[in-house]
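Residue numbers (the working numbering), protein chains in the order written: chain X, 40 to 315; chain E, 40 to 315. Just so it is clear, CB atoms sit at the ideal spot from N, CA and C, and this is done for glycine as well. Structure first, commentary second.
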């Protein structure tokens, strides 16, 4: 039956706002509670145990706010494992990796797929495992692109330095003639112009932000969880760090809905709560 | 050499703002002058001659504002023919149809591609001709979806009525087992959740907004036309009809950049100007 509660979404920072925007585009009547853990951003250098514990805290926080679904809009969280969240949340949990992998496997014509991401994401091997699970015949070629996030965050998508770095990072994927490229980081959709130039016109780019948004849509329709209320939804954007700089990046990544960012700390998951 | 002038973009209404947003995402340092001909929207029922004359007027108006490129963010204009603009504008002219067709042909695995659009776009046969030009082996299956634009404009992407209409419109494409669907209308990216549900998970959706934005990026890089100026760009959003309702739709289609919409009429192209 219809469910007027908000969708909960979280990320280590502001990159997940590209996912938020894709969701709001496809579901303009759904309220969203977004949490960016900007005080502890980036998660890239954290241990898996630490990231899992952060994810537990944030999931608990969002579930306490009575969300009807959890969207893990962060590759770093997902590579550290979201099985526990999926098992215990009691609401549907949707992540970026499975959505991107499924779309990549659907799109490839020659069975060679590339994936790019942060060092932590690529080194985790999570995309390799996900592809192997779905289709053992497909060859996945990975590349870490550590410089991309800082360039995007300072609004640079076109500089010669960035282009040179991109050519270097992507060279192995071009050499292997991948025909599909999964953007395994929520910042990268903002680089799709650059990536298409470097990969060449025949490569299909997969934005996991878009793919997750379509998964969220499908899950709400399938499970009859759409909001029934007709008044425009009110969104909440929360972050654990500086609200001003989050709002500034947010205006570019997301849009006008970011007007009201509130600082928010999360408490460590309580012992004995089933999340400790 | 670098070119600090704005990109000019136009549409019959507000749908092209999805293209504007995709361009601003990929090129955050480029100023944009957008013209929505909302007073004469929709172009769907106009004659080809009339649409060509509107396109000439608007192109002239934008060129008078010294744009470095013209982006035709409107299928109805493009199906009426933009060869004349391309020949006479003196700046690069980029359109939605070629971008969408190219991406669709790149993505198909079984050689069967679908395209959806307004009645005018589909009946024009422009997509059929474009596909035949590029690859005579590919079979294109078309469907007009007249109800989609009004649903999107009133913020409905999920109602049972819309879903039923979509199933009806798309049934021939599902029956023909197209594996790729070109969204041949700038409003349709906002329906991609719905379209993926109806078409099934194996179909690749092509957003011409995204594809045009990548073409704009590639053209500016290739021709060395990127803006060099580092101050944040100032955009202009102009429309020929009611600025208030344009701004309201714009906030959802585009985002915060739409804050200042100005009403603007265009003069018929001058006799003897080469555009009459």
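- With contact counted as at least three CB pairs below 8 Å, one residue from each stretch, are the region 243-258 of chain E and the region 178-188 of chain E in contact? no
- Message: Given this structure, state the Cα-to-Cα distance separating residue 45 (chain E) from residue 273 (chain E), to the nearest angstrom.
- Response: Residue mapping note: residue 45 (chain E) aligns to position 6 of the second chain, counting from 1. Residue mapping note: residue 273 (chain E) aligns to position 234 of the second chain, counting from 1. Roughly 9 Å between the two C-alpha positions.
- Task: State the Cα-Cα distance for the pair residue 215 (chain E) and residue 209 (chain E), rounded to the nearest angstrom.
- Result: Against the second chain, residue 215 (chain E) aligns to sequence position 176. Against the second chain, residue 209 (chain E) aligns to sequence position 170. Distance between the alpha carbons of residue 215 (chain E) and residue 209 (chain E) is about 10 Å.
- Message: Buried or exposed for residue 172 (chain E), going by 16 or more other Cβ atoms inside 10 Å?
- Response: For the purposes of this step, residue 172 (chain E) is taken as the residue at position 133 of the second chain. Result: exposed.
- What does residue 67 (chain X) reach in chain E if we use C-beta pairs closer than 7 Å? Residue numbering aside, residue 67 (chain X) sits at position 28 when the first chain is read from its first letter. The contacting residues are 194, 196 and 291.
- CB residue 65 (chain X) to CB residue 232 (chain E), shorter than 7 Å? In the first chain, the residue the question calls residue 65 (chain X) occupies position 26. In the second chain, the residue the question calls residue 232 (chain E) occupies position 193. Cβ atoms of residue 65 (chain X) and residue 232 (chain E): closer than 7 Å.
- Item | Beta-carbon proximity list for residue 293 (chain X), same chain, < 6 Å, skipping 5 on both sides | In the first chain, the residue the question calls residue 293 (chain X) occupies position 254. So the qualifying residues of the chain are 56, 59 and 60.
- Please name the residue or residues paired with residue 219 (chain E) in a DSSP beta bridge. Mapped onto the second chain, residue 219 (chain E) falls at position 180. Bridge partners of residue 219 (chain E): E:152 and E:243.
- Task: Below 7 Å CB to CB, which residues in the same chain sit around residue 230 (chain X) once its five sequence neighbours on both sides are set aside?
- Result: Here residue 230 (chain X) refers to the residue found at position 191 of the first chain. For residue 230 (chain X), where only same-chain residues beyond five positions count, the Cβ hits under 7 Å are 187, 191 and 196.
- Task: Identify which residue in E:219, E:130, E:262 and E:120 has its Cα closest to the Cα of residue 236 (chain X).
- Result: Walking along the first chain from the start, residue 236 (chain X) turns up at place 197. It is E:262 whose Cα lies nearest to the Cα of residue 236 (chain X).
- Message: Between residue 212 (chain E) and chain X, is the shortest Cβ-Cβ distance under 7 Å, so that the two count as touching?
- Response: Looking up residue 212 (chain E) in the second chain gives position 173. It does not; no Cβ of chain X falls within 7 Å.
- Item | Identified DSSP bridge partners for residue 238 (chain E) | Position 199 of the second chain, counted from the first residue, corresponds to residue 238 (chain E). Partner(s): none; residue 238 (chain E) has no beta bridge.
- Could you work out which residue in X:49, X:67, X:50 and X:258 is closest to residue 270 (chain X) when comparing CA atoms only? What you label residue 270 (chain X) is simply residue 231 of the first chain in a count that begins at 1. Of X:49, X:67, X:50 and X:258, the residue nearest in Cα terms is X:67.
- Report all residues from its chain with a CB closer than 8 Å to the CB of residue 302 (chain E); omit the five preceding and five following residues, and keep chain order. On the second chain, position 263 is the one that residue 302 (chain E) refers to. Within the same chain, residue 302 (chain E) has close Cβ partners 277, 278, 279, 280, 281 and 282.
- Check whether the Cβ of residue 241 (chain E) lies closer than 7 Å to any Cβ atom in chain X. For the purposes of this step, residue 241 (chain E) is taken as the residue at position 202 of the second chain. Chain X, which has a Cβ nearer than 7 Å to the Cβ of residue 241 (chain E), makes this yes.
- Message: On the DSSP letters alone, give me the boundaries of the alpha helix (DSSP H) that residue 318 (chain E) sits inside.
- Response: In the structure displayed, chain E extends from 40 to 315; residue 318 (chain E) sits before or after that span and is not available.
- Please list the partners that residue 253 (chain X) has in chain E, where partner means a Cβ-to-Cβ separation under 7 Å. Translated into positions along the first chain, residue 253 (chain X) becomes position 214. By Cβ distance, chain E contributes 231, 232 and 235.
- Can you give the beta carbon distance from residue 117 (chain X) to residue 110 (chain X), rounded, assuming they're within the 8 Å contact cut? Here residue 117 (chain X) refers to the residue found at position 78 when the first chain is read from its first residue. Here residue 110 (chain X) refers to the residue found at position 71 when the first chain is read from its first residue. With 8 Å as the limit, residue 117 (chain X) and residue 110 (chain X) do not qualify as a contact, their Cβ atoms being about 11 Å apart.
- Message: Could you tell me the alpha carbon to alpha carbon distance between residue 284 (chain E) and residue 85 (chain E), rounded to whole angstroms?
- Response: Counted from its first residue, the second chain places residue 284 (chain E) at position 245. Counted from its first residue, the second chain places residue 85 (chain E) at position 46. Cα to Cα, residue 284 (chain E) sits roughly 22 Å from residue 85 (chain E).
- Item | Any chain E beta carbon closer than 7 Å to residue 43 (chain X) | Within the first chain, residue 43 (chain X) is the residue found at index 4, counting from 1. It does not; no Cβ of chain E falls within 7 Å.
- So, using beta-carbon positions, are residue 39 (chain X) and residue 217 (chain X) closer together than 7 Å? Nothing can be reported for residue 39 (chain X): it is not among the residues displayed for chain X, which extend from 40 to 315.
- Can you tell me whether DSSP reads residue 283 (chain E) as helix, strand or coil? Here the question's residue 283 (chain E) lines up with position 244 in the second chain. If DSSP states are grouped into helix, strand and coil, residue 283 (chain E) belongs with the helices.
- Message: I need the DSSP call for residue 132 (chain X), collapsed to helix, strand or coil.
- Response: Your numbering for residue 132 (chain X) matches position 93 in the first chain. Three-state result, residue 132 (chain X): strand.
- Message: Please state the DSSP three-state secondary structure of residue 211 (chain E).
- Response: Taking the first residue of the second chain as position 1, residue 211 (chain E) is located at position 172. Of the three classes helix, strand and coil, the one that applies to residue 211 (chain E) here is helix, per DSSP.
- Message: Which residues does DSSP list as the beta-bridge partners of residue 301 (chain E)?
- Response: As a first step, residue 301 (chain E) is located in the second chain; it is residue number 262 there, counting from the start. Beta-bridge pairing links residue 301 (chain E) to E:277.
- Is residue 52 (chain X) near residue 83 (chain X), with beta carbons less than 7 Å apart? Position 13 of the first chain, counted from the start, is the residue given in the question as residue 52 (chain X). Position 44 of the first chain, counted from the start, is the residue given in the question as residue 83 (chain X). The answer is no: Cβ separation not under 7 Å.
- Quick one: is residue 58 (chain E) near chain X, going by C-beta distance under 7 Å? Start at 1 with the first residue of the second chain, and residue 58 (chain E) comes out as number 19. Not one chain X Cβ lies under 7 Å of residue 58 (chain E).
- Task: Give a yes or no on whether the C-beta atoms belonging to residue 180 (chain X) and residue 220 (chain X) are separated by under 7 Å.
- Result: Taking the first chain and counting its residues from 1, the one referred to as residue 180 (chain X) is at position 141. Taking the first chain and counting its residues from 1, the one referred to as residue 220 (chain X) is at position 181. No, they are not a contact pair.
- With C-beta atoms as the reference, is residue 136 (chain X) less than 7 Å away from residue 169 (chain X)? In the first chain, the residue the question calls residue 136 (chain X) occupies position 97. In the first chain, the residue the question calls residue 169 (chain X) occupies position 130. Yes, they are a contact pair.
- Rounded C-beta distance between residue 98 (chain E) and residue 124 (chain E)? I'm assuming under 8 Å. The residue you call residue 98 (chain E) lines up with position 59 of the second chain. The residue you call residue 124 (chain E) lines up with position 85 of the second chain. Right, the Cβ-Cβ distance comes to about 5 Å (below 8 Å), so this counts as a contact.
- Going by DSSP, which residues form a beta bridge with residue 110 (chain X)? Translated into the one-based positions of the first chain, residue 110 (chain X) becomes position 71. Its beta-bridge partners are X:48 and X:133.
- Message: According to DSSP, residue 181 (chain X) sits in a beta bridge with which residue or residues?
- Response: Counting from 1 along the first chain, the entry for residue 181 (chain X) is found at position 142. Bridge partners of residue 181 (chain X): X:154.
- Task: Just the C-alpha distance for residue 106 (chain E) and residue 184 (chain E), rounded to the nearest angstrom, thanks.
- Result: Translated into positions along the second chain, residue 106 (chain E) becomes position 67. Translated into positions along the second chain, residue 184 (chain E) becomes position 145. Approximately 34 Å between the Cα atoms of the pair.
- Please say whether residue 128 (chain E) and residue 91 (chain E) have beta carbons closer to each other than 7 Å? In the second chain, residue 91 (chain E) corresponds to position 52, counting from 1. In the second chain, residue 128 (chain E) corresponds to position 89, counting from 1. The answer is no: Cβ separation not under 7 Å.
- Task: In the DSSP assignment, find the alpha helix (DSSP H) that holds residue 73 (chain E) and state where it starts and stops.
- Result: As a position in the second chain, residue 73 (chain E) is number 34, starting the count at 1. Looking at the DSSP string, residue 73 (chain E) is not in any alpha helix (DSSP H); the run it does join, the beta strand (DSSP E), is 71-75.
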